[in-house]
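Residue numbers 0 to 310, in numbering that gives the first Met the number 0, belong to the letters of the sequence shown in order.
Below is one structure, written out as structure tokens, with a few remarks after it.
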Amino acid sequence: MKNKILQLKKKKNAVILAHYYTRPEVQEIADFVGDSLALSQKAAATDADIILFAGVHFMAETAKIINPAKKVIIPNLAAGCSLADSCPADAFAKFLEKYPQYTVLSYINCSAQVKALSDIIVTSGNALRIVNSLPKDEKIVFAPDRNLGNYINQKLGRNMVLWDGACHVHDQIQEEEVLEVRDLHPEAQVIAHPECPSKVLKNADYIGSTAAMLKYVKESSATSFIVVTEQGILHELQKQNPEKVFYTLDTPRPCEGKTGDCLYCAYCVHMKLNTLENILQALETEQPEITMDEELMARARKSIERMLSFN
Ligand code: 13P
Ligand code: SF4
Numbered sequence: 000m001k002n003k004i005l006q007l008k009k010k011k012n013a014v015i016l017a018h019y020y021t022r023p024e025v026q027e028i029a030d031f032v033g034d035s036l037a038l039s040q041k042a043a044a045t046d047a048d049i050i051l052f053a054g055v056h057f058m059a060e061t062a063k064i065i066n067p068a069k070k071v072i073i074p075n076l077a078a079g080c081s082l083a084d085s086c087p088a089d090a091f092a093k094f095l096e097k098y099p100q101y102t103v104l105s106y107i108n109c110s111a112q113v114k115a116l117s118d119i120i121v122t123s124g125n126a127l128r129i130v131n132s133l134p135k136d137e138k139i140v141f142a143p144d145r146n147l148g149n150y151i152n153q154k155l156g157r158n159m160v161l162w163d164g165a166c167h168v169h170d171q172i173q174e175e176e177v178l179e180v181r182d183l184h185p186e187a188q189v190i191a192h193p194e195c196p197s198k199v200l201k202n203a204d205y206i207g208s209t210a211a212m213l214k215y216v217k218e219s220s221a222t223s224f225i226v227v228t229e230q231g232i233l234h235e236l237q238k239q240n241p242e243k244v245f246y247t248l249d250t251p252r253p254c255e256g257k258t259g260d261c262l263y264c265a266y267c268v269h270m271k272l273n274t275l276e277n278i279l280q281a282l283e284t285e286q287p288e289i290t291m292d293e294e295l296m297a298r299a300r301k302s303i304e305r306m307l308s309f310n
């Protein structure tokens, strides 16, 4: 299957972009694996004819918006995102009516419609830098992730108005779980994603995007880490750092299930919908294809391009 994918990819001049939360075998056949920021930069710069996005729907949508001449395909259209779903565009538009003078900043984990309602898009890799570049007294609405928004407010002393959304994977992580694993491994450093609640983040030695966590671990002199994010990142962490040890929150209570419908482990069911089988099928059929209204794409593109101009 791997060989068939590689042959088809070459024949059709397709590029496979994958997120760190996808299955190990998917990351292994990808041309590029990255965080949301790096993936959007790659999608903008590629000269391939087809972008196969092994990630979730908003990522493939973003790729199409910033590179509309390309055919963008996603292996499984059902690969959504609970965080993006927590901010329906019509409710958000209504919410914004209360804040007419505000700059609207949205985390990239949102629909094209929400991007079209936004002034600037950010990712966990550049949010602090972008907010910090805005005048201290600028009034800002931040959507959809209240945890990332809280983290930015606290870190930069801002008072952004927050939309009350969250990622089901990160938001259900409890402080007690982190403390339990830390008690077992007091020498280990805690690395966490800013989509986690503030009670969890206050116990972290390092907070950052998936790519930032990978960089931190690689450069750190520490030899063991407690990983507080979706478990797919372990593949790249272990690959880059074979001599280091990684503990996950469910290490003391291993879950046998991982059936894909469990909400109590750091496991994103949407990311795992990408498999070698449906990647091959998508390359063969060039379906499902991401398509959007031109006018919607034009409005959403402005806010994404503003983000890309910061990097
Ligand atoms: P990053 O890889 O940009 O940190 O995003 C994490 C995530 O939850 C993607 O949906
Ligand atoms: Fe969305 Fe959370 Fe999955 Fe990321 S981990 S794709 S934010 S549901």
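For each residue, glycine too, the CB sits at the ideal point set by N, CA and C.
Sub-8 Å separation of residue i and residue j beta-carbons
i    : j    : result
M291 : K63  : yes
F91  : A142 : yes
M159 : V140 : yes
M306 : I129 : yes
A53  : A17  : yes
S39  : I119 : no
S81  : C166 : yes
I28  : L5   : yes
S117 : S132 : no
S219 : Q188 : yes
E229 : A265 : yes
Q100 : K138 : yes
A210 : G33  : yes
N125 : L183 : no
T21  : G156 : no
Close Cβ partners of residue i (< 7 Å) along its chain, the five nearest in sequence each way excluded
i    : result
D163 : R145
A115 : L295, R298, A299
G79  : V55, H56, H269
F245 : F224, V226, L233, L236, Q237
N277 : P74, N75
G259 : With a pLDDT of only 47 at G259, under 50, the local geometry of the prediction cannot be trusted, and the value read off the model is given with reservation. V268, K271, listed in sequence order.
S85  : P143, G164, A165
Y215 : I190, Y205, G207
Extent of the continuous alpha helix (DSSP H) run through residue i
i    : result
I129 : 126-132
K70  : Taken as a continuous stretch (DSSP letters only), K70 belongs to no alpha helix (DSSP H), being part of the beta strand (DSSP E) at 70-72.
Y246 : It is not in any alpha helix (DSSP H) - Y246 instead sits in the beta strand (DSSP E) that spans 244-247.
S197 : 197-200
H234 : 233-239
S168 : Residue 168 is actually Val in this sequence, not Ser. Counting along the chain, the alpha helix (DSSP H) containing V168 begins and ends at 167-170.
V177 : 174-183
I278 : 275-284
A88  : 88-95
L82  : 81-84
Y215 : 209-218
A115 : 111-115
One or two residues paired with residue i in a DSSP bridge
i    : result
A142 : S105
I151 : Looking at the DSSP assignment, I151 forms no beta bridge with any residue, so it has no partner.
L161 : F141
S223 : V244
I28  : In DSSP, I28 forms no bridge with anything.
G33  : H18
I289 : In DSSP, I289 forms no bridge with anything.
Y205 : I190
Spatial neighbours of residue i in its chain, beta-carbon cut-off 8 Å, leaving aside the 5 residues before and after
i    : result
L178 : N202
M296 : K63, I64, P67, A111
K3   : L279
V25  : A17, A53, N273, T274, L275, I278
K9   : none
S308 : none
E304 : I65
6 Å Cβ shell around residue i - same chain, five flanking residues per side excluded
i    : result
P193 : S123, L147, Y150, I206
I49  : K11, A13, K70
S197 : N149
L161 : F141, R145, G148
T45  : V14
M212 : I190
A83  : F57, N108, C109, S110
P253 : Residue confidence for P253 is low, a pLDDT of 45 falling below 50, so the modelled location carries little weight; the figure read from the coordinates is stated next. The answer is none, since no qualifying residue turns up.
Q173 : none
K301 : none
T61  : S39
A23  : The sequence given here has Pro at residue 23, not Ala. These residues qualify, in order along the chain: H234.
D30  : V14, I15
N152 : M159
Below-8 Å beta-carbon distance, residue i vs any chain D residue
i   : result
Y98 : Any reference to chain D falls outside this structure, which holds one protein chain only.
Range covered by the beta strand (DSSP E) that runs through residue i
i    : result
S308 : From DSSP, S308 is part of no beta strand (DSSP E) but of the alpha helix (DSSP H) over 293-308.
I49  : 49-53
V189 : 188-191
V14  : 13-18
I65  : Run containing I65: none in the beta strand (DSSP E); it sits in the alpha helix (DSSP H), 56-65.
I4   : Note, I4: premise wrong, no beta strand (DSSP E); alpha helix (DSSP H) at 1-10.
V121 : 119-121
*Lining residues of ligand 2 - beta-carbon closer than 7 Å to any non-hydrogen atom, in sequence order*: By the rule of a C-beta closer than 7 Å to any heavy atom of ligand 2, the residues picked out are Y20, V55, C80, S81, L82, A83, N108, C166, H167, V168, H169, E194, E229, C267, H269, M270.
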